[in-house]
Amino acid sequence: MSHTPSLPSRFRVHGELGCGGMGVVYRAHDSVLRQVVAIKVLPSHQDSDAAVRRFRREASGLAALSHPNIVAFHEIGEHEGVSYLVMEFVEGDTLRSWMRRRPPLDQVVACFHGICVGLSHAHARGIVHRDLKPENVLIAVDGVPKIMDFGLARRLSGESKLTRTGTILGTAAYMAPEQTMSSEVGPAADLYALGICLYEALVGELPFRADSEVAMLYRHMTDLPPSPSSLRPDLPAPLNALVLRLLEKNPAQRPRSAAEVAEALAGAAAFPTPPVTAQEERLKLIGRSDDLQRLMQRLAACFDGQGVACLLSAPAGLGRSRLLQELSTHLEARGLRVLRVGPAEQPLQHLQDILGSLDTQPAGIAGALGRRLEENGSPAVLLVDDLERLDSFQPHQVVELLRELADFTPRSMPVLLAGR
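Counting in the numbering used here, the final residue of the sequence shown is number 425, and the numbers go up one at a time with none missing.
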C-alpha cells in the first residue's frame with residue numbers, strides 16, 4: 006500500500022482502494038458527511054500544472070452530473086499542497102471482476118442498460134468520458150452499475166485541449182478508431198468503448214488481440230470484429246446485431262445515442278434465445294478473420310446499391326459455410342436483407358417457387374433474381390452455399406451464373422456470393 010497522504014483531519018483513511026494513471030484512491034470516513042467516502046489523491050510526482058488542471062476538470066465534470074449510474078461527487082480540495090477529490094464510496098466490484106464470474110445473459114443486459122442510462126445523462130450535459138472500460142465501472146452490491154473516473158472526460162463546448170500534441174488519451178483495447186486520430190471525439194467514441202465492453206461481457210474475450218498498443222490501435226481502425234454469435238451461438242440475433250453496430254468503424258453508422266442503445270437493451274429480453282446444439286457449441290470462426298475482412302471490402306459497393314458478384318472457393322471442411330454465416334451476420338447488422346440458399350437450407354427448387362420461375366438456366370435464374378430483388382427496392386444480398394450441389398446445377402454453370410449476374414446489376418441487385 007502507498008504512503009497515507011496528508012488530508013484534513015476530518016478524514017480517517019482506512020486503506021487504499023486502487024491506483025491508476027490519474028491518481029490513488031483511498032477509502033476513508035468523513036466526519037463531516039458522517040459516511041464512508043472514496044478520496045482520490047493526485048500524487049506529488051504528478052502535480053504538474055497540466056495534471057492539476059486535468060484533475061480539476063474531472064471534478065468539474067463530476068460536479069455537473071447527478072445520476073444513480075454515475076459515482077457521486079462531493080467536493081474537491083487541497084491540503085498541504087495535496088489535491089484531493091471526495092466521491093461516493095461504492096461497496097462492490099469493478100465491472101472487470103464482475104464479468105470474470107460470467108453472469109447470466111439477463112444480468113449482463115440489465116447491467117449495460119444501466120451503464121447506457123448513465124452515459125446518456127453525461128452526454129446530455131455535454132460530457133464525453135473518453136476512457137470507458139471495465140476498470141472504470143463499479144458494480145454495487147445491489148447490482149447497480151456506476152461509471153467513474155472522468156479524468157479524461159472533456160466537454161463538447163470546444164474548450165482548450167490539455168493533451169500534448171501526439172499524445173493519445175484512452176486505453177488502446179477500448180478506443181474508437183477516430184480517437185486515435187484526435188482527442189476531439191464525441192459521444193460515439195463512448196458508444197464504441199461500450200460496445201467493446203459489452204462484447205467482452207457476452208463472450209468472455211476482446212474482439213481484437215494484439216502484441217502492442219500500436220498494433221491494437223491499428224486493428225481497431227482496419228479489422229472487422231468476429232460477431233459475438235460466432236463465439237457464443239446462443240446470443241439472440243438482435244443483441245448480436247446491436248454489438249456489431251456499436252463497433253462500426255464509422256461513427257455515423259453506430260447507434261445515434263446511448264439512450265437508443267439503452268432502449269435496444271431494454272427490449273433484448275423480449276427475444277427468445279435460440280437453443281445451442283453440441284455441434285454449434287464447438288463451432289468457432291478460427292483463422293478466417295482475414296477472409297471475412299477481404300469479403301467485406303469486396304462487397305463494399307453493395308452498401309451503395311451497386312451489383313457485385315463474388316465466388317468463394319474452398320474444399321469441404323475448411324469452414325466455408327461457417328464463414329458465409331459470419332458474413333451474413335455482419336451484412337444484416339448493416340441493414341441489408343440476406344437470402345440464404347443451400348442444400349441444407351433452401352434448395353434451388355424452393356428458390357424457383359419464390360422467384361416464380363421454373364427456368365434452371367443461369368440466364369433465367371439471373372433475370373428472375375434481378376426482377377424479384379428489384380420489386381422490393383431495398384438493398385439485398387443472396388448467399389448461396391454449395392451452389393454446384395443444388396438441384397439441376399452442374400459445376401461449370403456456377404461461373405456462368407456469376408457472369409450473368411455480374412452483367413445484371415440494377416441498383417437493387419447488389420450481390421451474389423456462391424460457395425463451392
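Heads up, the beta-carbon is just placed ideally off N, CA and C, and yes, glycines get one too. Quick caveat, the model's predicted, so the values are computed rather than measured.
Q. Closest to THR176 by CA distance: which of GLN112, ASN141, ALA206, PRO256 is it?
A. Locating residue 176 in the sequence shown gives position 171, counting from the first residue. Selected option, being the one with the closest Cα: ASN141.
Q: With a 10 Å radius around its C-beta and 16 neighbouring C-beta atoms as the bar for buried, classify PRO150 as buried or exposed.
A: Looking up residue 150 in the sequence shown gives position 145. A residue is called buried once 16 or more other Cβ atoms fall within 10 Å of its Cβ, and PRO150 is buried on that count.
**Q.** Reference PRO108; option with closest CA among VAL266, LEU207, LEU332
**A.** For this step, residue 108 is matched to residue 103 along the sequence shown. Comparing Cα positions, the closest option is LEU207.
Q) Can LEU199 and LEU110 be called in contact, C-beta distance under 8 Å? A) In the sequence shown, counting from the first residue as 1, residue 199 sits at position 194. In the sequence shown, counting from the first residue as 1, residue 110 sits at position 105. Not a contact, by the Cβ cut-off of 8 Å.
Q. What did DSSP end up calling LEU388 once you bin it into helix, strand or coil?
A. As a working note, residue 388 is residue 383 in the sequence shown. Reduced to three states, the DSSP call for LEU388 is strand.
Q) Just curious, the alpha helix (DSSP H) that ASP98 is in, first and last residue? A) Counted from its first residue, the sequence shown places residue 98 at position 93. No alpha helix (DSSP H) contains ASP98, which is instead part of the beta strand (DSSP E) from 97 to 99.
Q: Assign GLN94 to one of three DSSP states: helix, strand, or coil.
A: Locating residue 94 in the sequence shown gives position 89, counting from the first residue. According to the sequence provided, residue 94 is Phe. The question's Gln does not apply to it. Looking at PHE94 - three-state DSSP - the assignment turns out to be coil, as it is neither helix nor strand.
Q: Report back the beta-carbon spacing between LEU137 and TYR179 to the nearest angstrom; my notes put them in contact at under 8 Å.
A: As a position in the sequence shown, residue 137 is number 132, starting the count at 1. As a position in the sequence shown, residue 179 is number 174, starting the count at 1. Correct: roughly 7 Å between the Cβ atoms.
Q: Please report the Cβ distance between LEU38 and TYR31, rounded to the nearest whole angstrom; I am assuming they are in contact, meaning their Cβ atoms lie under 8 Å.
A: For the purposes of this step, residue 38 is taken as residue 33 along the sequence shown, with counting starting at 1. For the purposes of this step, residue 31 is taken as residue 26 along the sequence shown, with counting starting at 1. LEU38 to TYR31, Cβ: 15 Å. No contact.
**Q.** Expected contact under 8 Å - CB spacing of LEU196 and PRO139 to nearest Å
**A.** Within the sequence shown, numbered from 1, the residue matching residue 196 stands at position 191. Within the sequence shown, numbered from 1, the residue matching residue 139 stands at position 134. Contact flag wrong, Cβ pair sits at about 16 Å.
(Q) Taking 8 Å as the threshold (C-beta atoms), are ALA264 and HIS118 in contact? (A) Within the sequence shown, residue 118 is the residue found at index 113, counting from 1. Within the sequence shown, residue 264 is the residue found at index 259, counting from 1. No; because the gap between Cβ atoms is not below 8 Å, this pair is not in contact.
Q: Please state whether DSSP places PRO256 in a helix, a strand or coil.
A: Along the sequence shown, one-based indexing puts residue 256 at 251. Three-state DSSP puts PRO256 in a helix.
Q.
With DSSP as the reference, identify every bridge partner of PRO13, one or two as the case may be.
A. For the purposes of this step, residue 13 is taken as the residue at position 8 of the sequence shown. According to DSSP, which records beta bridges pairwise, PRO13 is partnered with nothing at all.
Q.
For a test of the three-state rule: what should DSSP assign to ASP154, helix, strand or coil?
A. Translated into positions along the sequence shown, residue 154 becomes position 149. Reduced to three states, the DSSP call for ASP154 is coil.
Q. Residues in its own chain within less than 7 Å of GLY97 by CB, not counting five upstream and five downstream?
A. Counting from one through the sequence shown, the residue named residue 97 turns up at place 92. For GLY97, where only same-chain residues beyond five positions count, the Cβ hits under 7 Å are LEU143, ILE144, ALA145, VAL146.
**Q.** Pair within 8 Å by beta-carbon distance, THR334 and SER262
**A.** On the sequence shown, position 329 is the one that residue 334 refers to. On the sequence shown, position 257 is the one that residue 262 refers to. Cβ atoms of THR334 and SER262: not closer than 8 Å.
Q: Pull up the distance between the alpha-carbon of PRO231 and that of ASN245, whole angstroms please.
A: What you label residue 231 is simply residue 226 of the sequence shown in a count that begins at 1. What you label residue 245 is simply residue 240 of the sequence shown in a count that begins at 1. Distance between the alpha carbons of PRO231 and ASN245 is about 11 Å.
Q: For VAL95, collect the residues of the same chain with a Cβ closer than 6 Å to its Cβ; drop the 5 residues on either side in sequence, then sort them by chain order.
A: If you number the sequence shown from 1, residue 95 lands on position 90. Once the five neighbours on either side are set aside, the close Cβ partners of VAL95 are LEU143, ALA145, LYS151.
Q. Between MET92 and ALA43, which are expected to be in contact by the criterion C-beta below 8 Å, what is the C-beta distance as a whole number of angstroms?
A. Start at 1 with the first residue of the sequence shown, and residue 92 comes out as number 87. Start at 1 with the first residue of the sequence shown, and residue 43 comes out as number 38. Yes, MET92 and ALA43 are in contact; Cβ-Cβ is about 5 Å, under 8 Å.
Q. How big is the Cα-Cα spacing for LEU47 and VAL87?
A. Taking the sequence shown and counting its residues from 1, one reaches residue 47 at position 42. Taking the sequence shown and counting its residues from 1, one reaches residue 87 at position 82. If I take the Cα positions, the gap works out to 7 Å.
Q. In the structure shown, what three-state DSSP assignment does LEU207 receive?
A. In the sequence shown, counting from the first residue as 1, residue 207 sits at position 202. In this structure, LEU207 counts as helix in the three-state DSSP scheme.
**Q.** 8 Å contact criterion, which LEU67 and PHE60 should meet: CB distance rounded
**A.** As a working mapping, residue 67 is identified with position 62 in the sequence shown. As a working mapping, residue 60 is identified with position 55 in the sequence shown. LEU67 to PHE60, Cβ: 11 Å. No contact.
Q: Put LEU167 into one of helix, strand or coil per three-state DSSP.
A: Here residue 167 refers to the residue found at position 162 when the sequence shown is read from its first residue. In this prediction, LEU167 scores a pLDDT of 38, lower than 50, which makes its location untrustworthy; no coordinate-derived value is stated.
Q.
GLU331 and LEU297 - do their beta-carbons sit closer together than 8 Å?
A. Residue mapping note: residue 297 aligns to position 292 of the sequence shown, counting from 1. Residue mapping note: residue 331 aligns to position 326 of the sequence shown, counting from 1. Yes, they are a contact pair.
Q. Are VAL122 and VAL190 touching if we call contact CB-CB under 8 Å?
A. Along the sequence shown, read from residue 1 onward, the residue named residue 122 stands at position 117. Along the sequence shown, read from residue 1 onward, the residue named residue 190 stands at position 185. Taking the C-beta atoms as reference points, VAL190 is found no nearer than 8 Å to VAL122.
Q. If you drop the 5 nearest sequence neighbours on each side, which residues of the same chain put their C-beta closer than 7 Å to that of GLU253?
A. What you label residue 253 is simply residue 248 of the sequence shown in a count that begins at 1. The answer, listed in chain order, is ARG259.
**Q.** Straight-line gap, CYS202 to SER187 (C-alpha atoms, nearest Å)
**A.** To locate residue 202, count along the sequence shown from 1; it is residue 197. To locate residue 187, count along the sequence shown from 1; it is residue 182. So the two alpha carbons sit approximately 22 Å from each other.
Q | Given THR227 as reference, the closest of ALA269, LEU236, ASP216, MET301 once Cα atoms are compared | A | On the sequence shown, residue 227 is found 222 positions in, with the first residue counted as 1. Checking every option, the nearest Cα to that of THR227 belongs to MET301.
Q.
So, with DSSP's three-state summary, where would you put HIS134?
A. Position 129 of the sequence shown, counting from 1, holds the residue named residue 134. The three-state reading of DSSP puts HIS134 in coil, since its state is none of H, G, I, E or B.
(Q) For GLU80 and LEU12, what's the separation of their Cα atoms in angstroms? (A) Position 75 of the sequence shown, counted from the first residue, corresponds to residue 80. Position 7 of the sequence shown, counted from the first residue, corresponds to residue 12. For GLU80 and LEU12, the distance between alpha carbons rounds to 13 Å.
Q. Excluding five sequence neighbours on each side, which residues of the same chain lie with their C-beta closer than 8 Å to the C-beta of HIS34?
A. The count along the sequence shown starts at 1 and reaches residue 34 at position 29. Around HIS34: PHE16, ARG17, HIS19, GLN40, VAL41, VAL42.
Q) Which whole-angstrom value describes the C-beta separation of MET153 and VAL76, a residue pair presumed to lie in contact below a C-beta threshold of 8 Å? A) Along the sequence shown, one-based indexing puts residue 153 at 148. Along the sequence shown, one-based indexing puts residue 76 at 71. Going by Cβ atoms, the distance from MET153 to VAL76 rounds to 4 Å, so yes, they are a contact pair.
Q) For the candidate residues ARG224, GLY209, GLU210, whose alpha-carbon lies nearest to that of ASP216? A) Counted from its first residue, the sequence shown places residue 216 at position 211. Checked all of ARG224, GLY209, GLU210; the closest Cα to ASP216 is ARG224.
Q | Residue from ALA273, ALA242, LEU236, GLU183 with nearest C-alpha to LEU328 | A | As a working note, residue 328 is residue 323 in the sequence shown. Comparing Cα-Cα distances from LEU328 to each of ALA273, ALA242, LEU236, GLU183, the minimum goes to LEU236.
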